[in-house]
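To get my numbering, take the position in the sequence shown, counting from 1, and add 3. Just so it is clear, CB atoms sit at the ideal spot from N, CA and C, and this is done for glycine as well. Predicted model, so just to flag it, every value in this text is computed and none were measured. One structure is given below, encoded as structure tokens.
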Amino acid sequence: MNSKKNWGSVLIAAALLTAPVSAVQAEPVVPSGMIEQTGDTNPVEGNDAANPQSIADQPTDAGQSGANQAAGAGQQAAGPAAPSSEEQTKFRNLAAGLSYEWSEEPEASHPDDGSKLTDGKYGELDMNDPAWVGHVRGKAREVVFDLGEEKSIAKISAHFLQDYPANSILVPLEVSMYVSDDKENWGLLSYNATQLLWGDGPPRQETFTWDGSRDGIKGGNTDGKLAYARYVKVIFTMHPSHSEFIDEIEIMGTDGKVEGAVKVPAEPFRFLEPGEATAGIRNLNLLYNGQYEGGLGDWNKERIIPNISYVDKDGIPTDWMFDGVLYLGLAAPSGHDFGLGQANLEEWKWYLDKTFAPAGDMQQLNEATKEVGAKLNQPDHKVKVVLMIPNPGESLTDFGDVDGSGSLNFNESVVGKEKALENRGKAVQWWLDQVRQRWQAAGYSNLELVGMYWLPEQIDVSETGPALVRAVSEKVHAMNMKLFWIPHSLAYKMYMWKDVGIDAAAYQPNYFFGGMDVDRLEDAANNAKRYGMSNEVEFDDRMLTDGVFRERFIDYLNSGAETGLMRNGFRAYYQGNNAVYNLAVSKDSSLRLMYDWLYQYVNGTYVINNSPPPEANVLVNGQKLNGETVVPDTETIQLTWEVKDDDGSGLTKVTALFDGKPYASGTPIDLTGKPGKHRLDVTAAAAKSKTTTYIINAAANADTMKTHVNRFAEQKQFTTEEGPRSLLNYADLMKRYEGTDTARFETYVKGFNARLDQLAAERAVSDAAYAALKEEVYNLVGNLADGKPATSSSVEGSSAKLAPENAVDGFPSTRWASNYVNDSWLQIDLGEAKAFDTVRIDWEFARAKTYKILVSDDKQNWTSAVKDNDGVITAHDGKETVRFDPVKARYVKFQGVERNTDYGYSFYEFGVYNLGGGSEAPSIDGARALIDVAAGKLTIDGLVMNGSQSKVNLKIVDSKGKIRYEGQTTSNETGSFQFAIKLTGNLKGTCDAYLSMDGMQQPVKITFDYNKKD
Ligand SMILES: [Ca+2]
Ligand SMILES: [Ca+2]
């Protein structure tokens, strides 16, 4: 999954985006080709995946593009002769004025009074035109018309609006048209894929049309050009999150039965069943054996056994489980993706060598089967094997030489369509020959090679796309094998799978990966049944650590039990890299139970479970956590939970994410260097789950600053004693004004910062201590952009999870992401003109290569904050700080210049700070005089701000200019000094005290009054 995860991102584009949850940080964006390498199989978030942009990479000039010609065989085939013009003149719109039935009510904002589709009124290219009927989310919509009696139907058209991205309205990916005589059994007229395709642009429109004279009738092997029926049904597929708008459906035809009008036999509405087409496989288990981190792509007997057999809690096989294994790999060691057609001949060989090595993946599968067979007393049992065929990528110009006739070129712009197609076919033939030879040479005793798997998850929209699959299927059939296919959700023109010779297809719902409502499972089942496919069951290792994913897994099982997939359908199973094994061996009963349920599902005996989520008490260091809590950032916290009313079924499970990463109960979190807001998402799950979010605010202040400095000093993270002493002096002074005098407080924070930078420049502080203290500084100075209105040129996939405000929400786990466009931007309104000199960007994986920071007071005229290099900044991974001469402006903008990845730009946080003005602190600061009349004592103390142990001179002058005291002391190990002076009559009145050290240009002056009473 590759692109399982990538379902909505159409494969042609190199720029497939996925938003994995990685081990490193929350949700870095990783190119799909790398996903499997990361080992944590992190699929795309549904929202990303559903990014319609990706389809925009396909031809957009509908009507003349290959998209049209790529239509299913039959659909575009030259039809019978058109009806005579005489007949045509008799046709009228049979739907005009008719009422009709919707499968689901439209959105309340764009309702249908029951006549809008048949009133003859078409909407303007404006979503607010009341002629439009709007639908959003949910299952494919159906509209049914009753013509009153059987009539001759020549043509049906349905008219839709597209307004994306401005209003998130897309035309349907596919519109099907059916007829019936009983409203139950429906005959298929045609499937119609969008030719406009999805993409950015001004409002546009598309009419989906079945024209019998042009298209013939798809269903039932009839060669008619008119249908004869009473009921008409139009079905349009729904995008998982965007809207679809329709204003009119016309049914052209005439009363009675005219010559050439035929009854259309009902199309089966059911899943592909296990049988000849599936080579007898009922449950096909996907094992990824490409290049993956941590050896996850290398299969051994131990990992395979709990997949092909059901093992008890001691790991002993007690029954068979998946009867088919599909070996496939996405990434080659180079990172090239086999599915995206990036891999060349050497990389194809690498996969074959790996798979068929003497102790390779295939041999391990054979050994595992033998071992289980022996345990179950069925030594002759064979596991059925399906092996992938990589995508011979249409852009490769130097694939490699398969037969001594020179390197193959697949690029039709270089060698022409026919030659490119021929060369690609040649590469596939080479692959098949290799597989056959290697298989025969290996002589696996307990395996049966029954089929090949076509790795691309949709059929290319290019003209030769379908032809290539057809050629591939012929070659596979010639070897007496079946061709398997697992298209992603919303795969373009997937309905044509049988036309291109594919034998078994399992459609991916892609619900597991997020961003979709649970009814998408039912929708996927319905679509699969309409197209005669089956479905894939999807899960991955995230269900081990995140109750939300475990609930989705259970949703798949429940749905399969409801739709009939479990009992009747052929099933493919996507498990990421290792989920089945990990569930099988888990000591956590709530996870092991999932393995048992999977086994039941495989056997068709799973019973739907919908147990509601339990309640959980969440504790921080033993104290109950409610909503938001504040904790000093010097603390180490432990988060734990207790479940109320656990029913003891073993199903209850509580999982948590801290800042978006899996968190195990009780794990200590040291908040050092993490001041600010953090999120804890706790998911309590039975079969259903509930997630509650808590906010932990790690507070920084002068005291925490001191504690951190002292700790780092104890840990020997400073090379001198002066360094920490001077920092503590600044913290002391911060403390003096904290909460009472913000301006002076900030001055000392900035002084602290300047001193810290100086220490770093002198290499007098460790990188870790520097980074942690720097975070304190930023937190205390405050991000001027925090919580301010943010806007951006685009949001990847229009996903709310990636909205611009996420960049200024203070949470390190939430982020903004743009579309995959160099010229993207994000801007913040600071509310009023503010001075600042620093911008900080916390990059996600999808960072810039180069960018600018622009400022403006009117959002019209922008200037670069950075003056060098024409304002162009070269980006770096992680948290990046940009310093510049102070500017004053109301608007700040990140302006992308060039992206560093195929993705857009993405960052977790965007900070705007004013840090200047702190470097001018005097050598002596915080000086003060304290008069204690009762004790007859004058105390003058202060701080040596550079932390050195230096001599400090004091001179006291009375109001008449007479020197009354002169003395010297040395600052101590806390960076402070103190003079204790006896109060005498000489000091009466107002006196000035002058404090100085060597090297000071001017002494520090403080003034005090002493009025001796009597
Ligand atoms: Ca209308
Ligand atoms: Ca954030």
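Start and end of the beta strand (DSSP E) containing residue i?
i, result
"R207", "207 to 214"
"Q981", "979 to 985"
"M391", "386 to 392"
"Y576", "574 to 577"
"W442", "Segment 420 to 445 is the alpha helix (DSSP H) holding W442; no beta strand (DSSP E) there."
"V623", "618 to 623"
Check whether the Cβ of residue i lies closer than 7 Å to any heavy atom of ligand 2, and answer yes or no.
i, result
"P815", "yes"
"A810", "yes"
"Y781", "no"
"R818", "yes"
"L911", "It should be noted that the sequence gives Tyr, not Leu, for residue 911. Yes, Cβ of Y911 sits closer than 7 Å to a heavy atom of ligand 2."
In angstroms with no decimal places, state the Cα-to-Cα distance between residue i and residue j.
i, j, result
"R285", "V657", "34 Å"
"G259", "K158", "15 Å"
"T972", "V955", "5 Å"
"K236", "A98", "12 Å"
"S795", "N369", "54 Å"
"W213", "G256", "12 Å"
"T750", "L857", "26 Å"
"S729", "S951", "8 Å"
"G403", "Q440", "20 Å"
"V24", "Y295", "Only weak support is given to the placement of V24: the predicted model assigns it a pLDDT of 24, under 50, and the question is left unresolved by the model."
"A81", "G219", "Here the model assigns A81 a pLDDT of 38, short of 50, so the residue's position is not dependable, and the following value carries that caveat. Taking the straight line joining both Cα atoms gives about 8 Å."
"G77", "N606", "With a pLDDT of 34 at G77, under the threshold of 50, the predicted position of this residue should be treated as unreliable, though the coordinate-derived value follows. Using only the alpha carbons, I get a separation of about 38 Å."
"A793", "A820", "13 Å"
"W457", "Q432", "13 Å"
"I991", "K985", "A quick correction: the sequence has Lys, not Ile, at residue 991. Approximately 12 Å, taken between the alpha carbons."
"D928", "A803", "50 Å"
"R233", "E145", "16 Å"
"P1006", "R931", "14 Å"
"R747", "A772", "25 Å"
"P393", "G327", "19 Å"
"S416", "V267", "42 Å"
"A70", "G517", "Its pLDDT being 33, under 50, A70 is placed unreliably by the model, and nothing is read from it."
"A575", "G342", "18 Å"
"W105", "G630", "43 Å"
"N45", "L524", "Reliability of the predicted coordinates at N45 is poor, the pLDDT of 35 falling under 50, and the value obtained from them is presented with this limitation in mind. N45 and L524: Cα-Cα distance of roughly 20 Å."
"S155", "F239", "23 Å"
Can you tell me the Cβ-Cβ gap for residue i and residue j, rounded? I've got them flagged as a contact below 8 Å.
i, j, result
"E477", "Q511", "In fact, because the Cβ distance is near 25 Å, the residues do not count as touching under 8 Å."
"L759", "L946", "Not confirmed; about 16 Å, so no contact."
"S668", "L642", "7 Å"
"S801", "P109", "About 21 Å separates the two Cβ atoms, so there is no contact after all."
"N782", "P678", "4 Å"
"V438", "K485", "With a Cβ gap of about 14 Å, V438 and K485 do not count as contacting."
"T675", "A775", "5 Å"
"W189", "E247", "Rounded, the Cβ-Cβ distance is 21 Å, inconsistent with contact."
Considering just the uninterrupted stretch of the alpha helix (DSSP H) at residue i, what are its terminal residues?
i, result
"P671", "Here P671 belongs to no alpha helix (DSSP H); instead the beta strand (DSSP E) covers 671 to 673."
"D558", "550 to 566"
"M324", "Run containing M324: none; DSSP gives neither H nor E here."
"K777", "770 to 784"
"K3", "The displayed coordinates of the chain run from 4 to 1017. Any statement about residue 3 would go beyond what the structure contains."
"L762", "745 to 764"
"T358", "348 to 359"
With a threshold of 7 Å, establish whether the CB of residue i neighbours any heavy atom of ligand 1.
i, result
"A98", "no"
"D132", "no"
"D250", "yes"
"D406", "no"
"Y125", "yes"
"L101", "no"
"K119", "yes"
"D122", "yes"
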